[in-house]
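Note that this note's numbering has the sequence shown beginning at 53, numbered continuously upward. Here is the structure we will look at.
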Amino acid sequence: MAQKDTNPYRYSDSNKRYFTYDHYMKKRFGGKIAKVTLDIGCTCPNLDGSRGHGGCIYCLGGSRSAVGDTLFEQYTNGVQTASRKWKPVGFVPYFQSNTNTYGDIKKLMEYFRRAAEFEGTVMLDIATRADCLGDDVIESLVSLAERIPVTVELGLQTTNDETAALINRCHTYAEFVDGYTRLRQAADKINERSTDNSVVEVPSKRFMIGVHIINGLPGESYDDMLKTARDVASLKPDMVKIHLMHVLRGTLLGDMYERGEYTPMEREEYVRITVDQIECLPPETVLGRITGDGMPESLLAPMWSRRKTEVANEIDKELYRRGTYQGAKYSEK
Numbered sequence: 053m054a055q056k057d058t059n060p061y062r063y064s065d066s067n068k069r070y071f072t073y074d075h076y077m078k079k080r081f082g083g084k085i086a087k088v089t090l091d092i093g094c095t096c097p098n099l100d101g102s103r104g105h106g107g108c109i110y111c112l113g114g115s116r117s118a119v120g121d122t123l124f125e126q127y128t129n130g131v132q133t134a135s136r137k138w139k140p141v142g143f144v145p146y147f148q149s150n151t152n153t154y155g156d157i158k159k160l161m162e163y164f165r166r167a168a169e170f171e172g173t174v175m176l177d178i179a180t181r182a183d184c185l186g187d188d189v190i191e192s193l194v195s196l197a198e199r200i201p202v203t204v205e206l207g208l209q210t211t212n213d214e215t216a217a218l219i220n221r222c223h224t225y226a227e228f229v230d231g232y233t234r235l236r237q238a239a240d241k242i243n244e245r246s247t248d249n250s251v252v253e254v255p256s257k258r259f260m261i262g263v264h265i266i267n268g269l270p271g272e273s274y275d276d277m278l279k280t281a282r283d284v285a286s287l288k289p290d291m292v293k294i295h296l297m298h299v300l301r302g303t304l305l306g307d308m309y310e311r312g313e314y315t316p317m318e319r320e321e322y323v324r325i326t327v328d329q330i331e332c333l334p335p336e337t338v339l340g341r342i343t344g345d346g347m348p349e350s351l352l353a354p355m356w357s358r359r360k361t362e363v364a365n366e367i368d369k370e371l372y373r374r375g376t377y378q379g380a381k382y383s384e385k
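Right under this line is the structure:
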């Protein structure tokens, strides 16, 4: 009997014991959905001096993530690349680079609305920070979600304020919770009016919120990383992305690594903490990512991070070995 036949986890049709983004999108939209990365030239408040300078210590702040001069060119190139790998039935324009609600919200909304009209678009995904969610921004995002499903991804990384200061996030966890809560309240209102779970096998919301966390940040212990996951679980986000802290050449973290001031996580250590975090997350929270790697030309360490499939397989094996799954240790308390 195959592992998938004895899988105790509800939101899976394979051996995966956590709620994969791929499974969620297939069930919601009826087939493979591909993300298309877009770059609209945004910066960040901890990059341009508004709240700090230099950006996060692990970030190549000047790097761009899409190919093409115009929004349509970027989208077309991304669709072509995805179509060579898969057979998507739809696409999600993903505004990924830096903080995409930081700036003139009227101008930013023009980009969002334009992308919503591209052929094949089924949802928009907007990456930002919780301290860049003024009332006007939230109102604009709600109006956008009334036209097309929207996911807003919020970078958090850690709930430990000492770590956040060390990595130059330039916001506290309390500030994150404030922005998240106001966005959550607005999202819940539109979801109450428009969510329809009768036609799909997964929760289907008009407005979803995702949260990013990072394992292996400088100075963080196992307990720090597990606490971050538990704190995030208490917020009940619609999606969580778990990243591995990888070291890129040309960053402050890269300099620390080369001076011997930072030691990356070992693979076994990463697998253990990630499985522990998966167990304590709500079972209906989509896991948009369970690891990550840097650009090959810039990656300094850990080199094992480039073998993402192997890392994901090790996480699957550990979940099976323990006889556990996402949400097994989650508590509303």
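Glycine residues also receive a C-beta, built at the ideal position from the N, C-alpha and C atoms.
Neighbourhood of residue i by C-beta distance below 8 Å, restricted to the same chain and skipping five residues each side
i           : result
residue 65  : 56 and 75
residue 348 : 358
residue 360 : 343, 344 and 345
residue 364 : 342 and 343
Sequence-distant residues of its chain with Cβ nearer than 6 Å to residue i (five each side left out)
i           : result
residue 142 : 81, 85, 172 and 174
residue 113 : 99 and 107
residue 178 : 147, 152 and 204
Residues that residue i bridges to, as DSSP identifies them
i           : result
residue 218 : BP columns for residue 218 are empty, so no partner.
residue 287 : In DSSP, residue 287 forms no bridge with anything.
residue 145 : 88
residue 126 : Answer is none; residue 126 lacks a bridge partner.
residue 259 : 202
residue 100 : 105
residue 156 : BP columns for residue 156 are empty, so no partner.
Inter-residue CB distance, residue i and residue j (contact presumed, cutoff 8 Å)
i           : j           : result
residue 206 : residue 262 : 7 Å
residue 243 : residue 317 : Not really, about 36 Å apart at Cβ, beyond 8 Å.
residue 106 : residue 99  : 7 Å
residue 96  : residue 219 : Rounded, the Cβ-Cβ distance is 13 Å, inconsistent with contact.
residue 336 : residue 63  : 7 Å
residue 111 : residue 303 : 6 Å
Pair within 8 Å by beta-carbon distance, residue i and residue j
i           : j           : result
residue 269 : residue 329 : no
residue 341 : residue 294 : yes
residue 101 : residue 222 : no
residue 211 : residue 283 : yes
residue 257 : residue 290 : yes
residue 168 : residue 136 : no
residue 371 : residue 69  : yes
residue 231 : residue 160 : no
residue 299 : residue 216 : no
residue 202 : residue 235 : no
residue 183 : residue 227 : yes
Sequence-distant residues of its chain with Cβ nearer than 7 Å to residue i (five each side left out)
i           : result
residue 254 : 63, 76, 79 and 80
residue 356 : 319
residue 387 : Residue 387 is absent from the model: the chain starts at 53 and stops at 385.
Handout entry: At least 3 beta-carbon pairs within less than 8 Å: the stretch 186-197 vs the stretch 149-157
Key = With a cut-off of 8 Å on Cβ pairs, the stretch 186-197 is in contact with the stretch 149-157, counting three or more such pairs.
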